[in-house]
Amino acid sequence: MPPSANQRDASSISCCGQWEPDGRIPLVPWWDSWESNAAAGLSRNDATSLHRCKAAAHDRAAHVGSIMAITLLWAVDVYGRVYSLSTAGQRWERADDMLLELKRVTAGKGRCWGIGCDHRVYLNMMPSETSIRYREETYENQRWNPVDGFTDTLLPTDRWPWSDVTGMNPQPLHSFQLPSRSWEWEGDWYVDQSCGGEPSQTGGWEYAVDFPANFSPDKKWNSCVRRRRWIRYRRYIAQGSWAKIPLDHPRKPPLPLCDISCGGWEMSDQSGRYPYLWGVSQQGQVWFREGIHPRVPEGSSWEEVEVPKEVAQLSAGPGDLLWALLWDGNLLVRTGLSLDSPTGTSWVEVESPVKEVEALHVAVGVSVVWVVTKDFKVWFRRGVNSHNACGSGWISIGGEMMMVDVGLNDQVWAVGEDRGLYFRIGVSPSEPSGNGWIPVSGQWGNSKKVVHARNDCAFSGQLTEASQGSVLSCTDSDSELGPPEPQSSTNETPVLEAAAPSVVPLGGAASPEAEGAPAASQQDAPKPFIPASDSFINSLVSDRDKTSTSQPTITEIPQEEVEDKPTAPILLTPEAAGHDVPWMNVDLEGAEAARSAQARGASSADGGAAATYTLGTLEPLQGVGEEDGPVWAWISGGGCDVDASSNISWLSPTGPLTSSLSLTPVQSAAWSEQQQQQEHRVEISKKPLERSNSVWVRKGALRWWRDWKPQRWVDVGVALEQSTKCDGRKDSIFFVYYTQYDEKKYLHVYISEVTALVPVLRDSHYAFAVYTAQRTKQRWPLVLAAQTEKDMNDWLRLLSDCCCECRGITGSPSRHALWSTTSKGDIMVHEPSFSLEASANALACDLMFWRQVPGHLRCVETNSLGLVWGVGWDGTAWVHSGHYGQQPTPGEAVQTHQQTDARSVHVYENQRWNPMAGYTDKGLPTDRPMWSDEGGLKECTKGSTHPPSPEWSWVSEWTLDYNVLGGTDKEGWQYAADFPVTFHGHKTLKDFVRRRRWTRKCKITLRGPWQQVPPIPLSDISLMPCLAQSRMEQVPVWAVSDKGDVLCRLGVSPQTPAGSSWLHVGTDQPFKSISIGGANQVWAIAKDGAVFYRGSVSPQNPAGECWYHIPSPLRQTLRQLSVGRTSVFAVDENSNLWYRQGLAPSYPQGSAWELISNNVTKVSVGPLDQVWIIADAVPGFPAENVGAVGHRLGVGPVQPKGQSWDYGLGGGWEHISVRGNSAEAPRAPHPPPAGPPRSPLPPRPPTQANGNVVGV
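Under the numbering used here, the first residue of the sequence shown carries the number 77, and numbering increases by one thereafter.
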């Protein structure tokens, strides 16, 4: 019979909580979570004890923070000894189990896993205030029969008498066994006295009609079956010690493991989860440990994960990253890791950072991947994220390491080539690659001696070659020679101690204390030996239990015997002999070569005598190498909570060594030598050291206008990653991370491919568009929006700076730049290379890079002398006050001024006439909205209409606008026969619809390099273009005021770009457009579309004398024109582009107009007669917004009209000016004619064009 509830052990009522997933001690004990109802069945004494335990547990919870704040750094030396270094301490502590020897460890929050020399897995759970308890439960099932009542005699179709909650699996009480020796029972079985979470007086029984059914504590007349739950707790007792994980029974355990990695406790889907454990067998298989839980830290079984190739080593990050190293030196990335699929879905292969050099080790964090290649170079993977597990490229990082490990907060730890431990300083979310290596300077032993990076001696004394041969001849299974007896203490052995510099570099250093030793011992000094392979660790384990005869030390052997005796052969085991065996801890051949080189360098530098040891010195408690500190083979920082701002005593860099060094053994030796000479010199000339590569990351959250339909705003994460090369070159990538159908995806844009960053108007968001050549061709930019104006400006400034930096663009725009404005008022500039018209240097419009200049204008005009004028939306004239491509002198800042601009926002009120009520807002179903925009396609009411962008603010209320084309009546109405036709300002009998315009002003204020030119508002402006080599004392500037007056600005020059005063030029009607070209050609268009030419304009007569009327194209009304050096182009009201034929110096008015193209809004003709336009739309993309940049191809002296169009950025462009681009490409010299010249010519000296000597 099972024991009764009153016979259970009182220890089951313990003050214990459950281990939380994130490793923290729970503030709510176990009785408050899932045991509260069991207290109802306790006796009075038990209940009193329970309440006392509650109070004690809550008192201890107050000290949880201070206890758990201490975390550990784990490391393993080459002999398999395990050490830990606390963040709150200063001294390395060795594991209590002196016989424990591990190959490698992997740490997580609150735990550390290891692989022993017996290829078994070990677990060390950190001690805590709470114990780890697991509840075992089983159900007792009974059925009622008329003779005996409820008995355990069930029907053949019923469940088992003792089963789990489903009844499918039998679970008698005697079948429960402890999973390992790390567990113990807390008491005996007892009945759960609660039913469904409520106290019950039925002895824990639940009743139902039949199996399976819903059970309840109420017994009814038809209750034919019943059940009750039995509970027993077991406690994990191996906290704070290394416990061996039991083998899987009855399942087949994995083959011997050579590597393990712990991770996954911070899945990006949900934080605070329990960790996962991955393993690699010696045959290259990958295994996953199932069943790891806060109450089951050991897990339950191993599951094999299929891999396409043999794996040598793997690394699991705290999140959903898993990388594996293949035997062929390439890498595998596991994709699809999530909480629902902890083992992932597929593998993706990634090549080694260098094709000629295989990868040696890989380590991953939350969003970083580090790799060490077989030449000990360290590499950082760019672009790694949970959305992009494979990353985008490799960056070389300074330092020479044997292995690296990524711990908490993506902090990086490493074992150097000199067997010292190092930490990567400066690692932060914004700079994940850090900026330098510093040694882990923990104290060692009972003294205050600090363990720095290794110096010239691997131990305080060195083994002889004979000793090396004896040790290395050991095999995994057995050893022919055991360790000899330790020598007498009277044998004094000299000890070499290296001076510890303030910051120890990654190479060997000469010992200054051995300088007085005889120089003759240099040739006899043995090479330092560091055991490296797993086979040697096994040999040490097998040799410890054996006795051996003592051997004389080398100092006792006569010199002749030493010289005549051959060196003992070095016999390597199969594991140690293979240089490329993937499951080795260390590359023995490479390490031995490096140590030999360091030993030779050290002996030749100081001539110190080396101490000798026999194998007997390996036996004492400290063991070989412990007198001088461990010789490290492995490190794990997964359980060490350190970040860039942590103040850890053993991670404090001191001394003059900078934090951005790429240390090599040569540089390390050079620096160590400087440190030794520092006592004798007052000033040290520091040798400049190589600067390492680095990666800088800026992350944020924006909204993305989705590329596909249905188009809508989507919340995304963004990241800008910039890598800096050793030579200062920078390369940046912009990532956009999004989720589609629960699948993580990403977009990436190379900053070098970005052609424009343009603020856009989109649903009153702080939005901007990112253009690339490919997206420009597709007419679909990447549109992003920020929450605030500051966030948008910050991202725009950051991205723009990166774009300019990668293209080498600095300072203000050059004199030959192309200027443009958007419909939003933003100013964009393109820096051309030579002439845009030269076929050899032709650059497609979609490849042109446009950068933004601070300010807000409607149009802008330039010339090649560096003069830039602009007109705002409110008509205010502005002149650019920048440096025109010159770098400002130190201490001199770019002149910025406060700039304001205002514009009007319009909505239209529409009405239709009906015979009953006259004009009303009740239209036909096919009519436009009664409140709409000008085109009538979009409904716009006063309440729903906002300023153009959030940067604008209202400065007036809605008012009627009487200044409308076509005129209005006294109430502001315009009439027409129907929508849409031409409206007029008076009503007729055929007018059945009417409309009127409401207007409201808004204002924007910002700062930019623009100086206001008062006091006359302008509607158009033009500067005379000139060639690059031209020199002009006075630059002609013509303008049209907002009232239609023609003005000429006096006193304009590069020294005084704003000029002095306006000169009024008389006209008999108001004008709307004006342009001045080469040779003082002034053309203008009146408001009625008439074209005029101003005659007799010269530097002596800047205003000219009279206007000559030029006939307009037949039945067309021109609205804008532009004059170049020898050509005139104009645009009419129907967006047609016209070319003026027959221009000549003797007849500057020309002869006729010729139609060139349609679909043109604005035109700009440059000083070289180049033609650029703003097109209404790009052919083939009717849905694009109005305004695209276009370039006329094939323009030349023979073909001034050009041949075809090349379209660039599109959607929202307002104005463009190419009138400053007068730089001509250097012409290639003509080939000399064949044969001798007809007549001798004197040689002509070469002339210089654009700084290059060319023949003329």
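Built from N, CA and C at the ideal position, the CB exists for glycine as well.
Just so it is clear, the structure is predicted and the values come from calculations on it, not from any experiment.
Item                                                                                                                                                                              : Value
Could you pull the start and end residues of the alpha helix (DSSP H) that residue 869 belongs to?                                                                                : 865–883
Quick check on the DSSP output: the alpha helix (DSSP H) that includes residue 853 runs from which residue to which?                                                              : 849–854
From this set, 195, 262, 264 and 279, which residue's C-alpha is nearest residue 330's C-alpha?                                                                                   : 195
State the DSSP-derived secondary structure class of residue 828, mapped to helix, strand or coil.                                                                                 : helix
Looking only at DSSP bridge pairs, what is residue 210 linked to?                                                                                                                 : 310
State the DSSP-derived secondary structure class of residue 1117, mapped to helix, strand or coil.                                                                                : strand
Using only the alpha-carbon positions, how far apart do residue 621 and residue 811 sit?                                                                                          : Legend: pLDDT at residue 621 = 42, less than 50; position of this residue unreliable, no value from coordinates given.
By Cβ distance below 6 angstroms, which residues in the same chain neighbour residue 1097 in space, the five residues on each side in sequence not counted?                       : 937, 945, 947 and 1115
Got a sec, what are the start and stop residues for the beta strand (DSSP E) residue 1151 sits in?                                                                                : 1147–1152
Considering only their Cβ atoms, is the gap separating residue 189 from residue 336 smaller than 8 angstroms?                                                                     : yes
Suppose you measure from the CA of residue 275 to the CA of residue 260; what does that come to, to the nearest Å?                                                                : 29 angstroms
Which value, in whole angstroms, describes the spacing of the CA atoms of residue 995 and residue 1046?                                                                           : 16 angstroms
Taking the alpha-carbon positions, what's the residue 167 to residue 149 distance?                                                                                                : 11 angstroms
Using a Cβ distance threshold of 8 angstroms, determine whether the segment 1155–1165 contacts the segment 976–983, with at least three qualifying pairs required.                : no
Taking DSSP as the reference, what is the three-state secondary structure of residue 1155?                                                                                        : helix
Look at the alpha carbon of residue 138 and the alpha carbon of residue 318, and state the distance between them as a whole number of angstroms.                                  : Reliability fails at residue 138, whose pLDDT of 41 lies under 50, so the model's placement of it is uncertain and the value that follows must be treated cautiously. When rounded, the distance between both Cα atoms is 29 angstroms.
Round the Cβ separation of residue 1194 and residue 1173 to the nearest angstrom and send it over; I've been treating them as touching at under 8 angstroms.                      : About 20 angstroms separates the two Cβ atoms, so there is no contact after all.
What residue range is occupied by the uninterrupted beta strand (DSSP E) comprising residue 775?                                                                                  : 770–781
With H, G and I counted as helix, E and B as strand and the rest as coil, what does DSSP make of residue 204?                                                                     : coil
Can you tell me whether residue 1185 is buried or exposed, with buried defined as 16 or more other CB within 10 angstroms of its CB?                                              : exposed
Mapping the DSSP letters down to three states, classify residue 69 as helix, strand or coil.                                                                                      : Shown here, the chain extends from 77 to 1332; a query on residue 69 therefore has no answer.
Judging by CA-CA distance, which residue of 1027, 875, 1146 and 943 is the nearest neighbour of residue 1112?                                                                     : 943
What do you get for residue 434, buried or exposed, if any count of 16 or more other CB atoms within 10 angstroms of its CB means buried?                                         : buried
Please confirm if the segment 1283–1299 is in contact with the segment 1238–1245, defined as three or more CB-CB distances below 8 angstroms between the two stretches.           : yes
Going by Cα to Cα distance, which pick from 493, 494 and 515 is closest to residue 501?                                                                                           : 515
Could you tell me if residue 932 is buried or exposed, where buried requires 16 or more neighbouring beta carbons within 10 angstroms of its beta carbon?                         : buried
Using alpha carbons as the reference points, say which of 220, 1285 and 1032 lies closest to residue 857.                                                                         : 1285
Between residue 1076 and residue 1032, which are expected to be in contact by the criterion C-beta below 8 angstroms, what is the C-beta distance as a whole number of angstroms? : 6 angstroms
How is the beta strand (DSSP E) around residue 1267 delimited, first residue to last?                                                                                             : 1264–1269
With residue 1084 and residue 930 assumed to form a contact (beta carbons below 8 angstroms), what rounded beta-carbon distance in angstroms separates them?                      : 4 angstroms
Going by DSSP in three states, residue 251 sits in which element: helix, strand or coil?                                                                                          : helix
Can you name, in chain order, every residue of its own chain whose Cβ lies under 6 angstroms from the Cβ of residue 1152, other than the five neighbours on each side?            : 1098, 1100, 1112, 1114 and 1158
Since residue 258 contacts residue 313 with CB under 8 angstroms, what's their CB separation in whole angstroms?                                                                  : 6 angstroms
Give the DSSP-derived three-state secondary structure of residue 807 in the structure shown.                                                                                      : strand
At the level of alpha carbons, what is the spacing between residue 876 and residue 1041?                                                                                          : 41 angstroms
Residue 1263 to residue 951, Cα distance in whole Å?                                                                                                                              : 21 angstroms
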